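Numbering (our numbering), first residue to last: 3 to 293.
Below: the structure, in structure tokens.
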């Protein structure tokens, strides 16, 4: 259905709580906590509060990659934040991320905990802390950071723009879907042209640029995001598909995708991660079988 009814913005905008579509129960025009709730904390240096959305997957993949490289200081507890239930508005979470978005990280490995929020900032913080997955020399470093920030600026058009109007809005608005579909296809073409020139986004080496972009655009070209694969003809972006499949083969990426995941096959869901052995013993299929 296409909404063709005319709309004239009023002189002053007012909040209509019933006009938020699928996420009306958690969307609001003000910040801050809605309730008192302290965050749990484990014993590892890194405390992650997240959900396995594309932005959340970036950080769990990063932590698993760092552990695979031998950086024991990257050991982490991953606590599940159910954003559909508004857990990101608890006072403890807001203290870590005043923007009330997942993921949020507390680095407890020093004298005082350091909070880091926004997924791109977390990737950059971890890469610099451990001296890994971020080129040191120019021009590769500049290329890596450029693609990292490209993703941070582009993904809102994919998620909040195309994804919202194509999959979640209460009515289908042709203009909005066409506008954002055009932009998403342009972005895919940007990636496809770059990946025709190099194995990874920053060059020949895997980096935080790939870790940032893959959960969004990799899922998109595999038809896993918004059920929009056919609509966007994602299979035509052959270089992005090649890159996506290459990264998907990495064991750390496979583990990272499972953490804080609450949907899909039970064997792919590890609601919380507190130990490396949890991947073998605490996936949802095993917990269900033990009940």
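Ideal placement from N, C-alpha and C gives every residue a C-beta, glycine not left out.
The structure presented is a predicted model; accordingly, all values stated were derived computationally and were not measured.
To which residues of the same chain is residue i closer than 7 Å at the C-beta, ignoring the five residues directly before and after it?
{"i": "residue 182", "result": "159, 163, 164, 167"}
{"i": "residue 198", "result": "241"}
{"i": "residue 3", "result": "Low local confidence applies: a pLDDT of 47 at residue 3 is under 50, so the model's placement there is unreliable, with the coordinate-based value given in what follows. Closer than 7 Å at Cβ, skipping near neighbours: 173, 174."}
{"i": "residue 56", "result": "217, 218, 221"}
{"i": "residue 83", "result": "51, 52, 53, 89, 90, 95, 104"}
{"i": "residue 276", "result": "44, 79"}
{"i": "residue 230", "result": "168"}
{"i": "residue 179", "result": "167, 168"}
Identify every residue that forms a DSSP beta bridge with residue i.
{"i": "residue 1", "result": "With the chain running from 3 to 293 in the structure shown, residue 1 is simply not present."}
{"i": "residue 205", "result": "202"}
{"i": "residue 119", "result": "106"}
Looking only at its chain, what residues have a beta carbon closer than 6 Å to the beta carbon of residue i, apart from the 5 residues adjacent to it on each side?
{"i": "residue 243", "result": "223"}
{"i": "residue 185", "result": "159"}
{"i": "residue 46", "result": "77, 78, 79"}
{"i": "residue 124", "result": "61, 107, 118"}
{"i": "residue 135", "result": "129, 209, 210"}
{"i": "residue 28", "result": "88"}
{"i": "residue 203", "result": "149, 211, 212"}
{"i": "residue 116", "result": "109"}
{"i": "residue 169", "result": "228"}
{"i": "residue 75", "result": "47, 111"}
{"i": "residue 69", "result": "76"}
{"i": "residue 157", "result": "218"}
{"i": "residue 132", "result": "68, 73"}
{"i": "residue 245", "result": "197"}
{"i": "residue 10", "result": "none"}
Between residue i and residue j, how many whole angstroms is the CB-CB distance? I'm expecting something under 8 Å.
{"i": "residue 272", "j": "residue 260", "result": "4 Å"}
{"i": "residue 53", "j": "residue 14", "result": "Contact doesn't hold; Cβ gap of about 35 Å is too wide."}
{"i": "residue 50", "j": "residue 59", "result": "That belief does not hold up - the Cβ atoms of residue 50 and residue 59 are roughly 12 Å apart, past 8 Å."}
{"i": "residue 34", "j": "residue 96", "result": "6 Å"}
{"i": "residue 140", "j": "residue 215", "result": "Going by Cβ atoms, the distance from residue 140 to residue 215 rounds to 21 Å, so no, they are not a contact pair."}
{"i": "residue 41", "j": "residue 94", "result": "4 Å"}
{"i": "residue 286", "j": "residue 268", "result": "4 Å"}
{"i": "residue 205", "j": "residue 145", "result": "6 Å"}
{"i": "residue 207", "j": "residue 137", "result": "7 Å"}
{"i": "residue 239", "j": "residue 194", "result": "4 Å"}
Which residues in the same chain have their Cβ closer than 8 Å to the Cβ of residue i, if we skip the five residues on either side of it in sequence?
{"i": "residue 177", "result": "none"}
{"i": "residue 213", "result": "60, 63, 64, 67, 125, 135"}
{"i": "residue 282", "result": "none"}
{"i": "residue 254", "result": "63, 66, 67, 69, 70"}
What do you reckon, is the C-beta of residue i under 7 Å from a heavy atom of the ligand SAM?
{"i": "residue 192", "result": "The ligand SAM is not part of this structure, which contains no ligands at all."}
Unbroken stretches of the alpha helix (DSSP H), 4 residues or longer, contained in the segment 9-75: Within the segment 9-75, the complete alpha helix (DSSP H) runs of at least 4 residues are 56-70.
Length at least 4, wholly inside the segment 68-115: the alpha helix (DSSP H) runs in chain order: Counting only runs of 4+ residues, the alpha helix (DSSP H) found wholly inside the segment 68-115 occupies 93-98, in chain order.
Any 3 or more C-beta pairs closer than 8 Å across the segment 185-194 and the segment 215-231: Between the segment 185-194 and the segment 215-231 there are three or more inter-stretch CB-CB distances shorter than 8 Å, so the stretches are counted as touching.
4 or more residues per run - each alpha helix (DSSP H) lying fully within the segment 202-253: DSSP runs (the alpha helix (DSSP H)) wholly in the segment 202-253: 210-215, 231-234, 240-250.
Within the segment 122-164, ranges of the alpha helix (DSSP H) (whole runs, at least 4 residues): If we require 4 residues or more, the alpha helix (DSSP H) runs fully inside the segment 122-164 come out as 142-158.
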